[in-house]
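For the record, the sequence lines run as chains G and H. Counting in the numbering used here, the first sequence runs from 267 upward without gaps. Counting in the numbering used here, the second sequence runs from 48 upward without gaps.
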Amino acid sequence: QSVLTQPPSASGTPGQRVTISCSGSSSNIGISYVYWYQQLPGTAPKLLIYKTDQRPSGVPDRFSGSRSGTSASLAISGLRSEDEAHYYCSTWDDRLSGVIFGGGTKLTVV
Amino acid sequence: EVQLLESGGGLVQPGGSLTLSCAASGFTFNFYAMYWVRQAPGKGLEWIAGIGGSGGTIHYADSVKGRFTISRDNPKNTLHLEMNSLRADDTAVYYCARGYYYDSRAFDYWGQGTLVTVS
Chain G
267 QSVLTQPPSA SGTPGQRVTI SCSGSSSNIG ISYVYWYQQL PGTAPKLLIY
317 KTDQRPSGVP DRFSGSRSGT SASLAISGLR SEDEAHYYCS TWDDRLSGVI
367 FGGGTKLTVV
Chain H
48 EVQLLESGGG LVQPGGSLTL SCAASGFTFN FYAMYWVRQA PGKGLEWIAG
98 IGGSGGTIHY ADSVKGRFTI SRDNPKNTLH LEMNSLRADD TAVYYCARGY
148 YYDSRAFDYW GQGTLVTVS
């Protein structure tokens, strides 16, 4: 059972906007930056979002992050078939003194 | 080009030990925090340990505390993970990852992973 809760699955059609949620608590998302990773099948994860809403160089602006209270969201606009992957949220937990991950959300582009 | 190359994985019996290494290149190694993250077969990501650039700050997940030791050899640009008292639930692909320069708790480069099987 992950400390951060994500829906196990999400889906959308090409061109659509989808949102993936990540629910935490006052010891993690409520006080720390949130990170998002994309993991394509058989590959290592890729950093999509850091400092809750910042994109590293090279990440398309179709990907955006936000936070409200103890929950965070990743939004993907203009959905493409190559966006089909697992997405993980992550943050620092002050009570655990460590980095934590959500359980992951499998995004399907139908 | 930043590269992280893990090695040392393999099959080990329960209770046994294994040491993983991660050879880093393409960046100034001692400027960056480094981490180990694992992924059990078909499961999600689990952070297990992190170490600051100088090696002075170290954190462990509760699941490995007291059994695993993270260390780094900055002159050799290498990260290590010594794993003792291994259990079946330690079976996973182990990734080394670099802390992002602008936010060290974000992992901007990952290795390809090395599989550890405890059986």
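We put the CB at the ideal spot given by N, CA and C, even for glycine.
Query	Result
Contacts of Phe154 of chain H in chain G (Cβ-Cβ under 7 Å)	Leu313
Below-8 Å beta-carbon distance, Tyr148 of chain H vs any chain G residue	no
Among G:Gly290, G:Arg283, G:Lys312, G:Lys317, nearest to Gly324 of chain G - alpha-carbon criterion	G:Lys312
Cβ-based contacts, 8 Å cut-off: residues of the region 104-118 of chain H near chain G	His106, Tyr107, Ala108, Asp109
Beta-carbon gap between Gly364 of chain G and Cys355 of chain G smaller than 8 Å	no
Opposing strand residues paired with Val375 of chain G [DSSP bridges]	G:Gly278
Buried/exposed call for Leu306 of chain G, threshold 16 Cβ in 10 Å	exposed
Uninterrupted beta strand (DSSP E) stretches inside the region 277-335 of chain G (no shorter than 3 residues)	284-289, 300-305, 312-315, 329-334
Residue range of the beta strand (DSSP E) that includes Arg152 of chain H	150-157
Other residues of its chain near Trp157 of chain H: CB distance less than 6 Å, five sequence neighbours each side excluded	Tyr142, Ala144
Three CB pairs or more closer than 8 Å across the region 288-307 of chain G and the region 123-138 of chain H	no
Beta strand (DSSP E) segment containing Glu129 of chain H, residue limits	125-130
Separation of Ala135 of chain H from Ser337 of chain G, as counted between CA atoms	33 Å
One or two residues paired with Asp359 of chain G in a DSSP bridge	G:Gly364
Cα-Cα separation between Arg361 of chain G and Ser291 of chain G, rounded to whole angstroms	10 Å
Per-residue contacts from Ile366 of chain G into chain H (C-beta, under 8 Å)	Trp94
Simplified DSSP state of Ala108 of chain H, which is helix, strand or coil	coil
Where Ala276 of chain G meets chain H, residues with beta-carbon distance less than 7 Å	Those do not exist, as Ala276 of chain G stays about 15 Å from chain H at its closest Cβ, beyond 7 Å.
Arg119 of chain H - containing beta strand (DSSP E), residue span	115-120
Cβ distance (whole Å) where Tyr82 of chain H is taken to contact Gly146 of chain H below 8 Å	7 Å
Coil, strand or helix - Ser347 of chain G by DSSP	helix
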